[in-house]
Amino acid sequence: MDSIVINHKMMEELAHPNQMFPISEFVDHFDTFADGSFPSHWHHELELQIVLKGSAEYRVNGTPYVVEEGCAIYIAPEAIHLARELSEGTIGYDIVLLPQILINLMRSANCEKYTLPLTTRRPEALVITPERKEGHKILEYMKRMYYTESTHFTYELFLLENLIGIWRNLLGILPKYSKDQEDSGKLLREQRMKDMLDYIHQNYIQPITIQDVAGAANISKSECFRCFSELSKMTPVEYINKFRLLQASQLLLTTEKSMSDICFMTGFNNTSYFSKKFKDQYGVNPKTYRTKKRNE
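If you're matching positions, the sequence shown starts at 1 in the UniProt record's numbering and goes up one per residue.
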C-alpha cells in the first residue's frame with residue numbers, strides 16, 4: 001500500500017475488494033511514505049500488522065508501541081493511530097477486518113463472551129511477540145496468510161480459518177477489560193481530537209488558526225496543544241501542514257493540475273513556501289516527485 005486515503009473524518013478509507021467479505025490485506029513499504037511515517041487516522045476495522053523487515057513505532061491513542069522484526073501489533077477498532085519506521089526499508093503485512101465478522105460468527109455459535117475486546121474496544125493495542133506460546137501461534141498464522149496465494153478457490157475459507165485461530169490465541173493474552181473500567185477523561189480527549197481533526201479535514205483549503213481548531217472541540221488553545229501532543233505527536237500546525245502535503249502528493253499523482261493549482265487547492269497561499277515544505281517532507285520538489293513516482 002503506497003498511499004493512504006484519509007477522509008474529512010480523519011478516517012482512513014479502506015477499499016475492501018469484496019464488500020460481502022470485508023477483510024483486506026496490505027503490504028506497507030514504510031519508505032514510500034513521507035518521513036517513513038503516515039499520520040494519525042482511524043477506521044472501524046480492527047488491525048493486525050506483522051513487521052516482516054525492520055522495526056516500527058506505533059502510537060495508539062497517544063501510547064507508543066515498538067514492534068521489532070518478526071513481531072506484530074493488534075490495534076482495536078476505532079483507535080486513533082499512526083506509525084513510523086525505526087529502521088530504513090521497514091516492511092509490514094497488514095490485515096484489517098470489520099469486527100462484525102467475528103461478532104456474527106461468535107453470536108451464531110453462542111460465544112458472545114469472546115467478543116468483549118471488540119465491543120469495549122479495549123485494550124487499544126497489544127504488541128505480539130513469539131516468546132509466549134499464543135504469540136508464536138498468532139505470528140505463524142499471519143505468516144501463513146502472507147505467503148498464501150489469494151487466487152485459490154477456497155482462499156476466503158482459508159482466511160477465516162486463520163483469523164479464528166488468531167482470535168482464539170489473542171484472547172489468551174489480551175488483558176481483561178469491562179465497560180466499568182473505561183477512562184472517561186481519556187475517552188473525552190480522544191473525542192475532542194476527532195472533532196478537531198474533522199474540522200481540519202473539512203477546512204484545510206482555507207486559512208486555519210489554532211483558535212479555529214480548538215473551537216471545533218470547544219476547548220482552550222492549551223488543551224488543543226495537549227491533545228495533539230498526546231495523540232499525534234505533532235503540534236496542530238505541523239499536523240495541518242502534513243495533511244495538506246499528503247493531499248498535494250495524491251493530487252500530483254492522480255491529476256494533471258499545475259503545481260500552482262495544487263498549491264492553492266491544498267491550503268497554501270504561496271508557491272515558493274509550498275515547494276519548500278513539500279521538499280522538506282518528501283525530499284524532492286513537487287515536479288520531481290510527480291515524475292519520479294510515475295516512472296517507478
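C-beta atoms are modelled at their ideal positions from N, C-alpha and C, and glycine is treated no differently. Only a predicted model underlies this, so the values are computations on that prediction, with no experimental measurement involved.
Do residue i and residue j have their CB atoms nearer than 8 Å?
i: E78; j: V51; result: no
i: L82; j: H44; result: no
i: residue 359; j: R122; result: Given a span of 1 to 296 for the chain in the structure shown, any question on residue 359 remains unanswerable.
i: T90; j: S55; result: yes
i: E88; j: D31; result: yes
i: I73; j: E190; result: no
i: D94; j: F153; result: no
i: Y204; j: V213; result: no
i: I240; j: L252; result: no
i: T129; j: C71; result: yes
i: L197; j: A34; result: no
Output the boundary residues of the beta strand (DSSP E) element that contains residue i.
i: R84; result: H81 to E85
i: Q49; result: L46 to K53
i: F264; result: Looking at the DSSP string, F264 is not in any beta strand (DSSP E); the run it does join, the alpha helix (DSSP H), is M259 to M265.
i: S150; result: Run containing S150: none; DSSP gives neither H nor E here.
i: residue 316; result: It is not possible to answer for residue 316, since the shown part of the chain is limited to 1 through 296.
i: L231; result: L231 -> not in any beta strand (DSSP E); alpha helix (DSSP H) instead, spanning K221 to S232.
i: P64; result: T63 to E68
i: E25; result: I23 to H29
i: G92; result: I91 to L97
i: A72; result: A72 to I75
i: A125; result: A125 to I128
With a threshold of 16 other CB atoms inside 10 Å of the CB of residue i, please say whether the residue is buried or exposed.
i: D280; result: exposed
i: M11; result: No answer about M11 holds up, because its pLDDT of 41 lies below 50 and its placement is not dependable.
i: S232; result: buried
i: E238; result: exposed
i: T266; result: buried
i: V60; result: buried
i: R294; result: exposed
i: E85; result: buried
i: T115; result: buried
i: Q202; result: exposed
i: S249; result: buried
i: L187; result: exposed
i: G283; result: exposed
i: R192; result: buried
i: N7; result: Below a pLDDT of 50, predicted positions are generally treated as unreliable, and N7, at 44, falls in that range; the measurement from the model is reported next regardless. Answer is exposed; the Cβ neighbour count stays below 16.
i: V96; result: buried
i: E296; result: exposed
i: G62; result: buried
i: R107; result: exposed
In terms of residue numbering, what span does the alpha helix (DSSP H) encompassing residue i cover?
i: E140; result: K133 to Y147
i: Q211; result: I210 to A216
i: T288; result: P286 to N295
i: A248; result: P236 to T254
i: Y155; result: Y155 to I173
i: residue 299; result: Summary: the structure shown does not reach residue 299, with the chain confined to residues 1 through 296, and so no result is reported for it.
Less than 8 Å between the CB atoms is what I'm expecting for residue i and residue j, so what's the real figure, rounded?
i: K242; j: M234; result: 7 Å
i: Y141; j: I166; result: 5 Å
Taking only beta-carbon positions, decide if residue i is within less than 8 Å of chain B.
i: Q250; result: The question asks about chain B, but that chain is absent: this structure has only one protein chain.
- Query: How about the stretch 151–160 and the stretch 207–214: do they share at least three Cβ pairs that are nearer than 8 Å?
  - Reply: no
- Query: If we count Cβ pairs, one from each stretch, closer than 8 Å, do we get three or more for the stretch 99–106 versus the stretch 259–272?
  - Reply: no
- Item | the stretch 132–142 / the stretch 165–175 touching (three or more Cβ pairs under 8 Å) | yes
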